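*Asks:* Numbering (the numbering used here), first residue to last: 6 to 58.
1) Which of the three DSSP states is assigned to residue 6 in this structure?
2) Using the Cα positions of residue 42 and residue 22, report the straight-line distance between them to the nearest angstrom.
3) Rounded to whole angstroms, what's the CA-CA distance from residue 33 to residue 13? Just pull it up for me.
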């Protein structure tokens, strides 16, 4: 009984570990996109304020 539960637990942990690894692998791309959008958003108001003066 405990052997079966242990095997199920081990398989579940491996599945979660693979999902977490995929999540971590995708995070830098998401962060880069956010940074790019933030930079584009911050450059536009600066240009507009320069043009207004």
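Beta carbons: idealized from backbone N, C-alpha and C, even for Gly. Computed from a predicted model, the values in this text were never measured in an experiment.
*Replies:* Quick answer:
1) Correct three-state label for residue 6: coil.
2) Put simply, the backbone Cα of residue 42 is about 30 Å away from that of residue 22.
3) Between residue 33 and residue 13, the alpha-carbon positions lie close to 32 Å from each other.
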